[in-house]
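Chains as they are written, first to last, in the working numbering: chain Y, 208 to 700; chain R, 204 to 385. The C-beta atom is built at its ideal place from N, Cα and C for all residues, glycine as well. Structure, as structure tokens:
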């Protein structure tokens with residue numbers, strides 16, 4: 208809530224009439240009510256759920272200094288990307304950024320912004336050696352393209368740097384005549400792009416910061432869900448759509464500053480198609496390639512007398528036994544002894560074997576003693592080039608995308624991610640966690656033309672994980688948990 | 204006659220008090236007289252930078268703000284960032300860079316591709332798994348991306364030679380898109 212708004216609320220009681228006692232009594236009630244509202248406003252504002260997008264935006268917390276909401280001058284300088292100059296004789300701090308300058312003086316409400324002098328309602332204070340600047344200043348900072356645009360967000364008690372796309376408002380959902388529409392108020396409609404067109408994960412991306420709220424009422428068909436995703440370059444919305452959705456259309460209205468996303472039950476001319484979906488039902492697995500990491504002179508991580516290259520080989524053999532027992536598939540190891548293999552040799556082995564699934568086994572090591580558990584690395588669900596070009600390609604429905612052969616595993620990114628999630632979920636259930644999933648193409652999948660993942664099965668530098676592996680059935684239990692995950696992926700339930 | 208004089212004196216006093224009050228009130232709402240700024244006593248400006256370290260449990264990166272001396276030279280700015288990363292966290296996070304890592308050369312082309320040549324220690328002193336490798340690279344990419352917005356891509360080389368990978372888990376032989384490493 209801005210300072211001026213608070214002042215308006217506080218001034219309301221003074222306007223109450225004072226003639227009759229009854230009126231006076233009523234006036235007192237209003238005064239009490241207004242005072243209560245003022246007192247509860249911050250708590251109510253804090254109780255409202257805040258969208259998660261700010262997690263990825265540059266931001267800084269605010270603090271209350273003698274009843275004034277302030278931001279630290281160091282944080283302000285960081286957000287403005289400014290250089291600080293301190294003049295101790297006159298207790299002035301000057302922030303210079305992109306040709307602009309802001310001059311702050313201790314215990315003084317006057318602030319010099321370029322050539323203009325502003326008078327804030329409250330002075331700049333010096334607390335613990337740092338200037339605390341009233342957030343009121345933020346609205347008066349230069350707003351040209353060279354300067355970062357800041358926004359004070361009272362719900363998150365922080366000041367954040369707006370992305371170039373400005374602000375995205377609350378989407379409005381309407382439905383009628385077989386078409387469901389979502390209207391997004393945005394500052395730069397031309398930047399809106401559909402970046403994923405699967406019904407289960409339909410994503411639209413904006414370059415603005417989402418400052419609204421997600422509709423919480425029942426969504427009309429075919430919409431089944433709408434969530435905000437954090438994004439480094441703005442915000443994105445993920446929609447879940449029912450199978451009755453036949454096509455979609457995105458309209459960008461630059462004059463009205465809005466983007467309308469429409470979904471029709473019957474597709475056809477004028478409507479864009481959704482991404483093809485994989486067939487439901489069990490997946491066919493004929494060949495599984497297990498790749499024990501490291502080997503030979505490349506020992507990998509060593510901790511507590513254990514070598515990663517030995518553990519990966521032992522686990523690979525255990526897992527081969529387990530999978531051969533459970534699946535009607537050939538299970539092959541890239542190495543069955545202690546020798547080093549190059550990345551190319553591992554990829555060639557997998558491709559020659561016509562693998563339906565490649566699992567690269569590793570054990571992690573980390574400098575911090577608190578790190579433990581398993582991690583999976585799978586190809587990101589994008590194809591070649593930078594994020595922007597990918598988004599452009601997606602929005603333009605490019606019929607052909609060329610990617611280098613080394614990134615061929617990206618073709619199987621969706622399947623690989625499903626595999627990683629199934630295996631990590633199984634590890635969590637069997638107490639082998641905590642787990643984490645990272646969408647980065649690992650070395651061991653370079654040039655591999657099959658769904659796959661690099662699995663760091665445990666963290667060797669963790670005493671807890673080492674103790675678990677050292678149990679008599681430690682490796683067998685780990686192999687069994689991984690096999691459970693592969694089976695779940697194969698069932699495709 | 205005496206009464207007239209008394210009234211005049213009292214009236215004069217009242218006028219003087221009122222005038223004094225008006226002058227004082229006006230003075231309160233006037234901006235302070237401009238202070239003649241003395242020459243800078245600090246020749247170097249300070250810039251608050253944001254550094255990214257690894258969380259103690261290795262799950263993610265956590266940020267810290269720190270002041271470094273402002274420099275207009277790109278190499279010095281990057282060297283300061285890498286040096287601060289190598290110094291480690293002041294708030295319990297874990298430095299993701301191998302010990303002894305420092306920036307040797309920096310080159311930024313007009314398309315925003317930065318080639319960062321790190322000391323031999325970056326590769327030689329690395330002993331972790333893919334988690335440590337991921338966080339070491341992410342720590343560099345994110346710190347440079349946050350503090351030098353003109354950098355769009357980062358190519359890491361080590362001791363003047365191409366670096367295929369740090370620990371054998373993640374490919375580093377190609378430039379990394381800063382926007383792809385959240």
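Annotation: the continuous alpha helix (DSSP H) that includes residue 342 of chain R extends over 333 to 350. DSSP lists Y:643, Y:663 as the bridge partner or partners of residue 582 of chain Y. Residue burial is scored here from C-beta neighbours: residue 395 of chain Y has at least 16 other C-beta atoms within 10 angstroms and is therefore classed as buried. Annotation note: the segment 267 to 317 of chain R contains the following uninterrupted beta strand (DSSP E) runs of length 3 or greater, listed N- to C-terminal: 306 to 311. According to the DSSP secondary-structure assignment, residue 303 of chain Y is paired through a beta bridge with Y:290, Y:308. Bounds of any alpha helix (DSSP H) do not take in residue 393 of chain Y, whose DSSP letter is neither H nor E.
Within chain R, 261, 262, 263, 334 have C-beta atoms less than 9 Å from the C-beta of residue 643 of chain Y, given in sequence order. About 23 Å separates the beta carbons of residue 292 of chain R and residue 307 of chain R, which is beyond the 8 Å limit, so they are not a contact pair. Per DSSP, residue 364 of chain Y lies in no beta strand (DSSP E) and is assigned neither H nor E. In the displayed model, residue 651 of chain Y falls within a helix according to three-state DSSP. Judged by their CB atoms, residue 682 of chain Y and residue 521 of chain Y are nearer to each other than the 8 Å cut-off. For residue 284 of chain Y, the CB contacts under 7 Å within the same chain, skipping 5 residues up- and downstream, are 291, 302 in chain order. Taking a contact to require three or more Cβ pairs closer than 8 Å, the segment 665 to 679 of chain Y and the segment 608 to 618 of chain Y do not qualify as touching. The alpha-carbon separation between residue 580 of chain Y and residue 545 of chain Y amounts to approximately 25 Å.
Listed along chain Y are 265, 285, each with a C-beta nearer than 8 Å to that of residue 253 of chain R.
Taking 8 Å as the upper bound for CB-CB distance, residue 453 of chain Y and residue 472 of chain Y are in contact here, some 5 Å apart.
Here residue 627 of chain Y has 583, 585, 644, 660 as same chain residues with Cβ atoms under 6 Å from its own Cβ, once five neighbours each way along the sequence are excluded. For the 8 Å CB-CB criterion, residue 377 of chain Y and residue 420 of chain Y form a contact.
Proximity of chain Y to residue 368 of chain R at the Cβ level (cut-off 8 Å) is accounted for by 650, in chain order. Residue pairing of residue 446 of chain Y in beta bridges, as defined by DSSP: Y:409, Y:433. Identification of residues in the segment 614 to 633 of chain Y having a C-beta nearer than 7 Å to some C-beta of chain R yields an empty set.
When C-beta distances to chain R are compared with 9 Å, the residues of the segment 660 to 692 of chain Y below that value are 661, 663, 666, 667, 668, in chain order. In the three-state scheme derived from DSSP, where H, G and I count as helix and E and B as strand, residue 478 of chain Y is classed as coil. For residue 508 of chain Y, the neighbours in chain R by C-beta distance under 8 Å run, in chain order, 330, 331, 332. Its Cα nearest to that of residue 513 of chain Y, the residue Y:669 stands out among Y:555, Y:669, Y:422. With a threshold of 16 other beta carbon atoms within 10 Å, residue 611 of chain Y falls short and is exposed. Proximity of residue 571 of chain Y to chain R, defined by a Cβ-Cβ separation below 8 Å, is satisfied. The C-alpha of residue 278 of chain R lies about 24 Å from the C-alpha of residue 337 of chain R. Counting only the Cα atoms, residue 267 of chain R lies some 14 Å from residue 285 of chain R. For residue 515 of chain Y against residue 570 of chain Y, the beta-carbon gap comes to about 5 Å, under 8 Å, which counts as contact.
Taking the C-beta atoms as reference points, residue 367 of chain Y is found nearer than 8 Å to residue 266 of chain Y. Taking 8 Å as the upper bound for CB-CB distance, residue 302 of chain R and residue 256 of chain R are not in contact here, some 14 Å apart. Against residue 519 of chain Y, chain R offers no close residue; the least beta-carbon distance is about 11 Å (beta-carbon pairs closer than 8 Å). Rounded to whole angstroms, the gap between the alpha carbons of residue 342 of chain R and residue 310 of chain R is 19 Å.
Residue 380 of chain Y and residue 417 of chain Y have their C-alpha atoms spaced approximately 16 Å apart. In the displayed model, residue 471 of chain Y falls within a strand according to three-state DSSP.
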